[in-house]
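Just so we're aligned, residue 6 is where the sequence shown starts under our numbering, counting upward by one.
Just so you know, even glycine gets a beta-carbon here, dropped at the ideal spot from N, CA and C.
The structure presented is a predicted model; accordingly, all values stated were derived computationally and were not measured.
Structure first, commentary second.
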Amino acid sequence: MAKVNPIDVQKHLKGLDYPATKEDVIKHAEKNGADEELKALLQDLPDEEYAKPTDVNKAIGQVE
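Next comes the structure, spelled out in structure tokens:
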């Protein structure tokens, strides 16, 4: 899987209310037009609550 740009991730998560669950993150990214690669990556995130946008980016870095 190719690396995803953290700025691109945050573009798709703009407006998401934190804390957010994995499911919240995925649904919000889909609503904002995330491509299949990003959606697949988000599906691989740990099933936890994310307190802030940087927590999502850190989790993505661990699954990439």
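What is the C-beta distance between H17 and A45, in whole angstroms, given that I count them as a contact (C-beta under 8 Å)?
Not really, about 13 Å apart at Cβ, beyond 8 Å.
By a C-beta neighbour count over all protein chains shown, 10 Å radius and 16 as the cutoff for buried, is A39 buried or exposed?
Its Cβ being crowded by 16 or more others within 10 Å, A39 is buried.
Cutting at 8 Å between CB atoms, please list the residues of its own chain near E69, excluding the five before and the five after it.
Around E69: M6, K8, V9, L46.
Is the beta carbon of K27 sitting closer than 9 Å to the one on D60?
Cβ atoms of K27 and D60: not closer than 9 Å.
Let me know the secondary structure DSSP gives E54 once reduced to three states.
In the structure shown, E54 sits in a strand (DSSP, three-state: E or B).
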